[in-house]
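Enquirer: If you read the sequence shown in my numbering, its first letter stands for residue 49, the second for the next number, and so on. Cβ coordinates follow ideal geometry from the N, Cα and C atoms, glycine included. Just so you know, these numbers come straight off a predicted model, no measurement behind them. Sending over a structure as C-alpha cells; questions will come in a sec.
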Amino acid sequence: EQILTNLPVIIKSPAIKTLFERFHNIPTIIVSAGPSLDKNVACLKDAKGKALIMCVDTALRTLFNHQIKPDIVVTIDASTKNYNYYLKDLDVSDLYLVAGPAVYPETITSFAPNVFVSGFGHPLLTWIEAFIGERGNIKLGGSVSTAAFDLARRCRCNPIILIGQDLAFTDDKVYTAGVKQERIKEIEEIMPTADIMWVEDVFGCQVKTVRGAWTWIKWFEYQISEIPDVLCIDATEGGAKIEGTKIMTLKETIEEYCQKSFNITQTIQESSKYYILPNLPDLLREMEVLIKDWKKVQFVSKEGATLTNKLLEIISNNQMDKRTNKILKEIGILYRRIIEEHQ
C-alpha cells in the first residue's frame, strides 16, 4: 500500500543511482544514533562543507539539537512508529532524503521534492521499474546505517568516516540523548529478554551488545574487507570495535581528512538533473489492466471461498449427498476458469 501511495513521488523523484559515482574521493561522515554521538557531535560543525554529512534518521534530532543540518538523511524503515519517533515535527524542508519506496508516506512528503528513491526488491516495485526505469539498489544489511554505508561506497566517497556507530551499549546507554525518551524507554524495557553478548570495544575492553548488533558488526567488517582501496575510519570514540577501520577521534579525523572545501549541495542538485521523467502511458495502461485482473482475482477468490466453506460444512457434518457432487462440479468449473485465465 505504501509503495502505491508513494508512487507519484517515486516517479517524479530522481533515482538513487543518479548519486552513484558523484562524490569520488570526497570524505563522508555517516552519523548514526549510538550513545557515543553525544561525545563528539559538536565537532561536526567543523566538517560542514568539507565532507558529505550523511545522517541516519534515528540521529537527526541530535543533530538538530546542536543546530547541525546534514547534507543527506537516509531512511528505510516503513513503519509509522519510525516516522513518529525520529522525523515527525522536524523542519526538513531544505534537507535531502534518500529513502526506500515503502517508507511511511509522510516521511516522503515532508522532504519532497528533495527526495532520491532507491530500489527495494519488492515484486510490485520491480514490476513498476520495468516502465519507469530502475531506481538503483543499495545493500540494506538489516540497519539504516548499513544502508548509508553502502550508499557512501557507491557514491565513491573516500574516506568513509563513522560516528555514533557504537553497535553496543556504551556506558549502558542504548541511544544518543537526542532520541525521544519514549523510544529509549521502549528499548530499555525489552533489554532483560535480549540476547546479550560481550565484544571488544575500540579501547580494547569489553562492552555489551546484542546478537542483532553483532551481525551488523560482522556485516561492516565484511563490506570493509571488500573495498581495500577505501579508508574507513571509526571516529565513534566508543562502542564495539569494527575490524578493518582506523580508529581516531572525530576532531583528529576532521583535521587530517576534512580540510578541503566542496560544494556538496551543488553536487547533489546536479545529480538530480541527470534524472529524466519516464514516459508514463505504458505504465498507466498496464496498471489499468492490472486493476481489471485484480478485480477478477477478487471475484474468483470470493467464489472459491464460498464453495470451499460449503464443502467443509458438508464434510464436517458427514452429509455427503448429491449436493456434494454439485459443489465438486462447480469447484472443477472454477478451477478450469482459473487455468484458462492464467494461460
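(1) Using three-state DSSP, classify Phe164 as helix, strand or coil.
(2) Is Gln307 helix, strand or coil when you go by DSSP?
(3) How would you call Cys253, buried or exposed, if buried means at least 16 neighbouring beta carbons within 10 angstroms?
(4) Given 8 Å as the limit, is there contact between the region 277-286 and the region 74-89, that is, 3 or more CB pairs closer than that?
(5) Using DSSP with H/G/I as helix, E/B as strand and the rest coil, what is Thr76?
(6) Quick check: the region 168-179 against the region 330-345, are there 3 or more CB pairs under 8 Å?
(7) My understanding is that Ile295 touches Val247, with C-beta atoms under 8 Å, so please give their C-beta distance in whole angstroms.
(8) What number of angstroms, rounded off, separates the C-alpha of Leu172 from the C-alpha of Tyr305?
(9) Leaving aside the five residues before and after Tyr133 along the sequence, list all residues of the same chain whose C-beta is less than 6 Å from its C-beta, in chain order.
(10) Could you give the uninterrupted runs of the alpha helix (DSSP H) lying entirely in the region 69-148, keeping only those of 4 residues or more?
(11) Distance check for Ser309 and Trp342, CA to CA, integer angstroms please.
(12) Going by the beta-carbon positions, is the gap between Ile210 and Thr293 smaller than 8 Å?
(13) Can you give the beta carbon distance from Pro326 to Ile59, rounded, assuming they're within the 8 Å contact cut?
(14) Would you check if the distance between the CB atom of Thr263 and the CB atom of Gly190 is smaller than 8 Å?
(15) Could you tell me whether the region 150-164 touches the region 257-273, where touching means 3 or more Cβ pairs closer than 8 Å?
(16) Inspect the beta-carbon positions of Phe112 and Leu138 and report whether they are closer than 8 Å.
(17) Leu382 to Gly352, Cα distance in whole Å?
(18) Within the region 241-289, note down every full alpha helix (DSSP H) run reaching 4 residues or more, in order along the chain.
(19) Roughly how many whole angstroms lie between the Cα atoms of Pro62 and Lys321?
(20) Assuming Met102 and Pro118 make a contact with CB atoms under 8 Å, what is their CB distance in whole Å?
(21) According to the Cβ coordinates, are Ala290 and Glu269 closer than 8 Å?
(22) So, helix, strand or coil for Lys65, using DSSP?
(23) Using a Cβ-Cβ cutoff of less than 8 Å, which residues in the same chain neighbour Arg109 once the five nearest sequence positions on both sides are dropped?
(24) Output the distance between the C-alpha atoms of Met335 and Leu52, rounded to the nearest integer angstrom.
(25) Scan the region 162-238 and note each continuous beta strand (DSSP E) run of 3 residues or more that stays entirely inside, going in chain order.
(26) List the whole-angstrom C-beta distance separating Ile123 from Val192, where the pair is believed to meet the contact cut-off of C-beta under 8 Å.
(27) By the 10 Å Cβ neighbour count, where 16 or more other Cβ atoms means buried, how is Gln307 classified, buried or exposed?
Expert: On the basis of the coordinates in this document:
(1) strand
(2) coil
(3) exposed
(4) yes
(5) strand
(6) yes
(7) At roughly 15 Å, the Cβ-Cβ gap does not stay under 8 Å, so Ile295 and Val247 are not in contact.
(8) 42 Å
(9) Lys228, Arg231
(10) 85-88, 108-113, 128-134
(11) 54 Å
(12) For the sequence presented, residue 210 should be read as Leu rather than Ile. Yes, these two residues count as a Cβ contact at 8 Å.
(13) 7 Å
(14) yes
(15) no
(16) yes
(17) 7 Å
(18) 259-273
(19) 8 Å
(20) 6 Å
(21) Position check: residue 290 holds Ile in this sequence, whereas Ala was assumed. In this structure, Glu269 lies closer than 8 Å to Ile290 by Cβ.
(22) helix
(23) Tyr134, Leu138, Gly226, Val227, Lys228
(24) 11 Å
(25) 163-165, 208-211
(26) Per the sequence shown, the amino acid found at residue 123 is Thr instead of Ile. That belief holds up - the Cβ atoms of Thr123 and Val192 are roughly 6 Å apart, short of 8 Å.
(27) exposed
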